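Note sheet for the following structure.
Written out as structure tokens, the structure is:
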């Protein structure tokens, strides 16, 4: 499943800076008794939280073990941390190369998709022209296209265009499949921006590009940050397009690399776990830093007008 | 203001300007998303097994007729259906329950939300490997070890190879991973319900269950319908857990439509038939989306 948030049923309102980002605690009768009554809830929630985080902890523990230790006791913590597992994964299994590739693909495609989507979104948000509705529906049709039906055509097509096995090509395709959702969200946001600043710029003689670049883009920064966050998290995790559109060690990304790791590391499960940590840690750090944008984006999508 | 607006659109809505701004985005989308998806529809009416596509014979709906006779398709569809059942019957209710509890909570909301969302952001390929470790039949298989330690020897199973078992162990992780995502959606919808609704009903003597049924549910209906659609699309498009946990095996038992189409495309090189299977999944998704929209009362207003 894609991690893109649900687009709302209407484009009319996007509650940036509204209470949706930080749920207000429901305050009925603020009493100690009520607070105590919530203790069982907290215990339940902590259990579920442990269930969500346990995998990470287990992978971390396992990545520092030796294989015999894992076989002897799959849950225990090893006495001596075997850091060399990380070196094996990073160097021997080429996870270092894949890491750089993932980093490049993810960041390039984020810039490209934001540029391609915000230019279209600007025009769709601000001007009336013939076929506007048709173009809008045409772009939104992309919501319904699953990546899986693109594989064979893209595999052939990218070879023709010389984009096969290139990080730039993969980044461009990640950008392409992100366009419908990004355009949808950015247009909705831009429609909420008051027109006064643009009008002032126009009176000063600014052209269309000036208005877009100097007025719309700075004012759209909250939405751009949200979209960049979603795109980065999605591109970092993307598997099937990367598998099909790259074919050599030099251009593989981390998710593809991790799926091939068991072939490289026969009966070295701790080495595999170290490789898994390499894919996980950046995602968790990015999410911890950018969490509010994720929440904001989903909340904006969830609240219908 | 109307006159200013008009002036604005005359000066800056020049046709060439609009075209130049639309072209990059719409062009790239057309080239790398829409056009390939149409090509895929075209491939699905060919008997194409490699070689130049121009030489592949046209077979009309022959591939789709073959789908009906392919026993593995029925099994794959069954697994997609199992995932749908898990998504609707487990994933969404749990997500709603968690969101509801969080919306009533006084403190700790952001911590829980962070923890619950973590599985969503981790690369699915990594999560699939993890679940293979969990369900592994090897000595380190986590789940079997856990069962042994809890004294439930009888429950130890070959989770990744037993018929009637492997289908569940490859379906469950996908449902589990998505819970955090839907929880955040529901939580956002829940906190947007005006508190006065609850206060007024409390004065009328409504208990929390009645509040949930008569205030919460109607107010998040639209969001829930949308989540049902996303969950269907998730179930129909699922492939990564079967693919990376069992390769769809043993003997295609845990295959989904998409993982089976990947097998046809890459292992069997039957590109026409493989495309037809992927197309079938795409069409089922569109039909399901349309049906749910129709009966969910919500309409795609932005498509006007």
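Chains as they are written, first to last, in our numbering: chain W, 124 to 428; chain U, 1377 to 1680. We put the CB at the ideal spot given by N, CA and C, even for glycine. None of these values were measured; they are calculated from a predicted model.
| Asked | Found |
| --- | --- |
| 8 Å Cβ cutoff, residue 1600 (chain U) in contact with chain B | This model lacks chain B altogether, as its protein chains are W and U. |
| Anticipated Cβ contact below 8 Å, residue 1455 (chain U) with residue 1630 (chain U), distance rounded | 6 Å |
| Start-end ranges of the beta strand (DSSP E) lying completely within the region 1647 to 1678 of chain U, minimum 3 residues | none |
| Any alpha helix (DSSP H) of 4 or more consecutive residues that is wholly inside the region 227 to 303 of chain W | 255 to 263, 274 to 284 |
| Close-in-space but distant-in-sequence residues of the same chain around residue 1501 (chain U) (CB under 8 Å, 5 per side omitted) | 1616, 1620 |
| Proximal residues of chain U, C-beta to C-beta of residue 371 (chain W) below 8 Å | Correct list: empty, because the minimum Cβ distance to chain U is about 17 Å. |
| Same chain, Cβ closer than 6 Å to residue 192 (chain W), five either side skipped, listed in chain order | 201 |
| Of the listed residues W:299, W:360, W:393, nearest to residue 185 (chain W) (C-alpha basis) | W:393 |
| In chain order, each alpha helix (DSSP H) run of at least 4 residues that lies wholly inside the region 1455 to 1508 of chain U | 1468 to 1479, 1485 to 1497 |
| Residue 1439 (chain U) to residue 1458 (chain U) span [Cα, whole Å] | 25 Å |
| Partner residues on chain W for residue 1537 (chain U), Cβ-Cβ distance less than 7 Å | Neighbours of residue 1537 (chain U) on chain W: none; closest Cβ ~16 Å, over 7 Å. |
| Cβ-based neighbour list, residue 321 (chain W), same chain, cut-off 7 Å, excluding 5 preceding and 5 following | 334, 338 |
| Cβ contact (3+ pairs, closer than 8 Å) linking the region 1592 to 1605 of chain U and the region 1554 to 1567 of chain U | yes |
| Cross-strand partners of residue 1422 (chain U) (DSSP beta bridge) | U:1434 |
| Proximal residues to residue 1505 (chain U) (C-beta, below 7 Å), its chain only, five neighbours per side dropped | 1620 |
| Exposure label - residue 1608 (chain U); buried when at least 16 CB within 10 Å | buried |
| Below-8 Å beta-carbon distance, residue 1497 (chain U) vs any chain W residue | yes |
| 8 Å contact criterion, which residue 1655 (chain U) and residue 296 (chain W) should meet: CB distance rounded | Rounded, the Cβ-Cβ distance is 20 Å, inconsistent with contact. |
| Bounding residues of the alpha helix (DSSP H) (the contiguous stretch that carries residue 1391 (chain U)) | 1391 to 1405 |
| Neighbour flag for residue 1617 (chain U) against chain W, beta carbons, 8 Å | no |
| Residue 1628 (chain U) in three-state terms, based on DSSP | coil |
| Residue range of the unbroken alpha helix (DSSP H) whose run includes residue 1522 (chain U) | 1518 to 1525 |
| Chain U residues whose Cβ lies nearer than 9 Å to that of residue 407 (chain W) | 1494, 1497, 1498 |
| First through last residue of the alpha helix (DSSP H) which encompasses residue 208 (chain W) | 207 to 210 |
| Residue 248 (chain W) to residue 311 (chain W) span [Cα, whole Å] | 7 Å |
| Residue 190 (chain W) (DSSP reduced to helix, strand or coil) | helix |
| Segment limits, alpha helix (DSSP H) that includes residue 1609 (chain U) | 1597 to 1613 |
| Proximal residues of chain U, C-beta to C-beta of residue 306 (chain W) below 7 Å | 1401 |
| Distance between beta carbons of residue 188 (chain W) and residue 205 (chain W), contact taken as under 8 Å | 6 Å |
| Beta-carbon proximity check, residue 408 (chain W) vs residue 1489 (chain U), cutoff 8 Å | no |
| Per-residue burial, residue 211 (chain W) [other beta carbons within 10 Å of its own, 16 or more giving buried] | buried |
| Neighbour-count burial assignment, residue 170 (chain W), 16 or more Cβ in a 10 Å radius | exposed |
| Interfacial residues, the region 289 to 306 of chain W to chain U, with Cβ spacing under 9 Å | 295, 296, 298, 299, 300, 302, 303, 305, 306 |
| Validate contact between the region 1463 to 1483 of chain U and the region 159 to 175 of chain W using beta carbons, cut 8 Å, 3 pairs | yes |
| Option in U:1463, U:1555, U:1527, U:1572 with minimal Cα separation from residue 1547 (chain U) | U:1463 |
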